[in-house]
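S.K.:
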Ligand code: SF4
């Protein structure tokens, strides 16, 4: 699969203020029976049981159905999720990352991520950005005040900026992963290039 | 400075440290199930590559398999997934324990009981409860589907090294208190993110005296506090459990293996990034009241009140209670329940069925309760029959079902209907986990058994 290369993303955000938002919530188990990786299928299932009630009608109060946030992500619009702490806990299902990426989101900002989900996001070319709790709360507050609040995520500089306050934070990412994201490279291609080292290890 | 158990196994598997990046770690065992593997095999096909070390890979379906019959799967989507796994295994030359065969079961039950998971190994699976296998003294981690493809293609994954934490549990467990209670207790103390970024080692006298089944339960639940892995140093209990099992080393190889495995423990002067200690005496039978496994109380306690919570904590707490249809300060003991589930990779082992049977023996299942008793594997089911436990269950009005993940997650026909209250030995009480709108209380096999008899949440010590 060809990956969209990463550089600087400047966009409005979707606030999903749920702490410990687990991957069962991000995509319920019944959508896991698919054997495809169709982005639309998984994007439509994103947060399905919070978005729709048992009859399949949209739940008006849920953020993704609110007039200010329901527009599907596209360049500059809703490409960033600001999530609650411990984002993506629970099941290891990569389908949760496919749902986020299939919905059109390219960055998830939180004060903390569950380890497996964080790796899954990176492998799906969605950038997880860890910020301080204070910065996370400020983002929620800015977005609550003005749903058009722009946030800039600058991967080369490793900074995230709340454009409405001008506040900015540095975020961590290792040099290898940064290179992969900026150049559209997969871990699997890297590993396949290392076969001699793997065989040397096996023969030790 | 000495090394921790985790460091010893990790260091022995480092192929290389990628410059300014993660570690390339060699994997000894990859387990694959039908849900998280199809897209990984597609990746291999897209790239036109083979499985690098097919002999390291073991596959079996478990999530979609029905527990009432296993002739066929009626749901075409679930059936397709199970058939896809079979096809992929045939195409790529991978050992496959197919649905209904005596080898099949939940991966995290089958792996240890066949001694496919051994001390000192690195073990991965596209499943968060892979942490279970850490109980034999291995590094066992859940991974995503992209990583499954990486392991299939190269026998390696790229991971940053986690920090280490030791959780000591000292003392003797009270009667009626089992490993599940220990895990639910630790989780309530640590919270669901308390071990994020860490690999945990469980130690202390309580663990040393714990059976292998109990240890597997404890390691299984490590992921519920965010831990990357949950290790227990192998000892005589481990060796006695593994010896003679199907894939265990035999004869001279066994002796050599035991000698090597005996070195697998944290050195006395090893330093952990974090260390915590709990007392076994403080632990009572536990239940959960909320929608994460850390939201739990002792069975005779009341749900917390809003006292001392800040505004955002109150909001999250109340939204959990709203879903569960509970009130702050409410006592759950004595509350009527609709469904009982014994099984899952948490509590689907022989010891769990013995414990359940010890409570229900000579009594009758409450007629208002639907009970699903689902062994974690065909081997467990056979053991249940060999020990005559099935007869005890039958006389008490219970039916023994077929091995499956069953009601642990709503992927197969065993779904708890919306609004119904279930008391379950599984590991997750998430919103909708047992079915859309289903409400789940997590508990030990003893608590679930006692509640199945009375029809209300029951302390097994009082039955
Ligand atoms: S029993 Fe439940 S937790 Fe265990 S592997 Fe199956 S679905 Fe996952």
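Chains as they are written, first to last, in this note's numbering: chain A, 2 to 205; chain B, 8 to 470. For each residue, glycine too, the CB sits at the ideal point set by N, CA and C. Bear in mind that the values here come from a model prediction, so they are computed numbers and not experimental data.
In whole angstroms, what separates the C-alpha of residue 463 of chain B from that of residue 33 of chain B?
M.R.: Using only the alpha carbons, I get a separation of about 49 Å.
S.K.: Can you find a C-beta in chain B that's less than 9 Å from the C-beta of residue 115 of chain A?
M.R.: Yes, contact with chain B.
S.K.: Tell me where the beta strand (DSSP E) around residue 208 of chain B begins and ends.
M.R.: Run containing residue 208 of chain B: 205-210, per the beta strand (DSSP E) assignment.
S.K.: Anything in chain A within Cβ reach of residue 440 of chain B, meaning under 8 Å, just list it in chain order.
M.R.: Under the 8 Å cutoff, chain A gives 25, 30.
S.K.: Can you tell me where the beta strand (DSSP E) holding residue 171 of chain B begins and where it ends?
M.R.: Here the beta strand (DSSP E) through residue 171 of chain B covers 170-177.
S.K.: For residue 248 of chain B, tell me which candidate among B:193, B:123, B:327 has the shortest Cα-Cα distance.
M.R.: Among B:193, B:123, B:327, the Cα nearest to that of residue 248 of chain B is on B:123.
S.K.: Do the CB positions of residue 92 of chain A and residue 273 of chain B come within less than 9 Å of each other?
M.R.: No, the pair does not count as a contact, with Cβ atoms beyond the cut-off.
S.K.: Could you give the residue range of the beta strand (DSSP E) that holds residue 294 of chain B?
M.R.: 293-295 is the extent of the beta strand (DSSP E) around residue 294 of chain B.
S.K.: I'd like to confirm something about residue 412 of chain B: is its beta-carbon nearer than 8 Å to some heavy atom of ligand 1, or not?
M.R.: At least one heavy atom of ligand 1 is nearer than 8 Å to the Cβ of residue 412 of chain B, so yes.
S.K.: Sort A:162, A:168, A:145, A:89 by Cα distance to residue 15 of chain A and report the nearest one.
M.R.: The shortest C-alpha separation from residue 15 of chain A is found at A:145.
S.K.: Starting from the N-terminal end, write out each residue whose C-beta falls within a distance shorter than 6 Å of any non-hydrogen atom of ligand 1.
M.R.: So the residues near ligand 1 by this Cβ test are B:69, B:70, B:113, B:115, B:134, B:136, B:351, B:352, B:412, B:415, B:416, B:433, B:434.
S.K.: In terms of alpha-carbon separation, which member of B:457, B:459, B:452, B:415 lies closest to residue 443 of chain B?
M.R.: Residue 443 of chain B has its Cα closest to that of B:415, out of B:457, B:459, B:452, B:415.
S.K.: Determine, for residue 169 of chain B, whether the minimum Cβ-Cβ distance to residues of chain A falls below 9 Å.
M.R.: Cβ-Cβ to chain A under 9 Å: yes for residue 169 of chain B.
S.K.: Please classify residue 278 of chain B as buried or exposed, where buried requires at least 16 other C-beta atoms within 10 Å of its C-beta.
M.R.: Exposed is the call here.
S.K.: Taking the alpha carbon of residue 215 of chain B as the point to measure from, which residue in B:186, B:105, B:66 has its own alpha carbon closest?
M.R.: When only C-alpha atoms are compared, the closest one is B:186.
S.K.: Buried or exposed for residue 399 of chain B, please, with buried defined as at least 16 other CB atoms from any protein chain shown within 10 angstroms of its CB.
M.R.: When all chains shown are included, residue 399 of chain B counts as buried.
S.K.: Within the continuous alpha helix (DSSP H) that includes residue 320 of chain B, where are the two ends?
M.R.: Residues 318-331.
S.K.: Please classify residue 474 of chain B as buried or exposed, where buried requires at least 16 neighbouring CB atoms within 10 angstroms.
M.R.: Nothing can be reported for residue 474 of chain B: it is not among the residues displayed for chain B, which extend from 8 to 470.
S.K.: Am I right that residue 350 of chain B and residue 432 of chain B are in contact with their C-beta atoms under 8 Å? What's the rounded C-beta distance?
M.R.: Correct: roughly 6 Å between the Cβ atoms.
S.K.: Helix, strand or coil, according to DSSP, for residue 53 of chain A in the structure here?
M.R.: Residue state, collapsed to three classes: strand.
S.K.: Can you tell which of B:370, B:332, B:63 has its C-alpha closest to the C-alpha of residue 470 of chain B?
M.R.: Cα-wise, what sits closest to residue 470 of chain B is B:370.
S.K.: For a contact meaning CB atoms closer than 9 Å, what does residue 418 of chain B contact in chain A?
M.R.: By Cβ distance, chain A contributes 30, 31, 33, 34.
S.K.: For residue 293 of chain B and residue 305 of chain B, which I take to be in contact (beta-carbon distance under 8 Å), what is that distance rounded to the nearest angstrom?
M.R.: About 6 Å; that satisfies the 8 Å criterion.
S.K.: Could you tell me the boundaries of the beta strand (DSSP E) in which residue 31 of chain B lies?
M.R.: Looking at the DSSP string, the run of the beta strand (DSSP E) that includes residue 31 of chain B is 30-33.
S.K.: Applying a beta-carbon distance threshold of less than 7 Å, which residues of chain A neighbour residue 299 of chain B?
M.R.: Those are 21, listed as they occur along chain A.
S.K.: Could you tell me how far apart the beta carbons of residue 157 of chain B and residue 192 of chain A are, in whole angstroms, since I believe they sit closer than 8 Å?
M.R.: Sure, about 5 Å apart at Cβ, within 8 Å.
S.K.: Going by beta-carbon coordinates alone, are residue 239 of chain B and residue 222 of chain B separated by less than 9 Å?
M.R.: Yes, the pair counts as a contact, with Cβ atoms nearer than the cut-off.
S.K.: What's the C-alpha gap between residue 472 of chain B and residue 465 of chain B?
M.R.: The question about residue 472 of chain B has no answer, for chain B in this structure spans 8 to 470.
S.K.: Since residue 128 of chain B and residue 36 of chain B should fall inside the 8 Å C-beta cutoff, what is the C-beta to C-beta distance between them, to a whole number of angstroms?
M.R.: Contact holds; Cβ gap of about 6 Å.
S.K.: Closer than 8 Å is the cut-off here; do at least three beta carbon pairs connect the stretch 276-291 of chain B with the stretch 435-442 of chain B?
M.R.: Not touching, per the Cβ criterion.
S.K.: Would you list, in sequence order, the uninterrupted beta strand (DSSP E) runs of no fewer than 3 residues that lie entirely inside the stretch 180-251 of chain B?
M.R.: With a minimum length of 3 residues, the continuous beta strand (DSSP E) runs that stay inside the stretch 180-251 of chain B are 205-210, 236-238.
S.K.: Which parts of the stretch 65-99 of chain A are runs of the beta strand (DSSP E), unbroken and 3 residues or longer, counting only runs that do not cross its ends?
M.R.: Counting whole runs of 3 or more residues, the stretch 65-99 of chain A contains the beta strand (DSSP E) stretches 81-84.
S.K.: Tell me which residues share the same chain as residue 76 of chain A and place their Cβ nearer than 8 Å to its Cβ, disregarding the 5 neighbours each side in the sequence.
M.R.: Around residue 76 of chain A: 12.
S.K.: When you measure from the CB of residue 293 of chain B to every non-hydrogen atom of ligand 3, does any distance come out below 8 Å?
M.R.: Only ligand 1 can be found as ligands here, which leaves ligand 3 out of the picture.
S.K.: Using the rule of at least 16 other Cβ atoms within 10 Å of the residue's Cβ for burial, across every protein chain shown, is residue 471 of chain B buried or exposed?
M.R.: The structure shown has nothing for residue 471 of chain B, since chain B only spans 8 to 470.
S.K.: Got a sec, what are the start and stop residues for the beta strand (DSSP E) residue 447 of chain B sits in?
M.R.: Counting along the chain, the beta strand (DSSP E) containing residue 447 of chain B begins and ends at 446-449.
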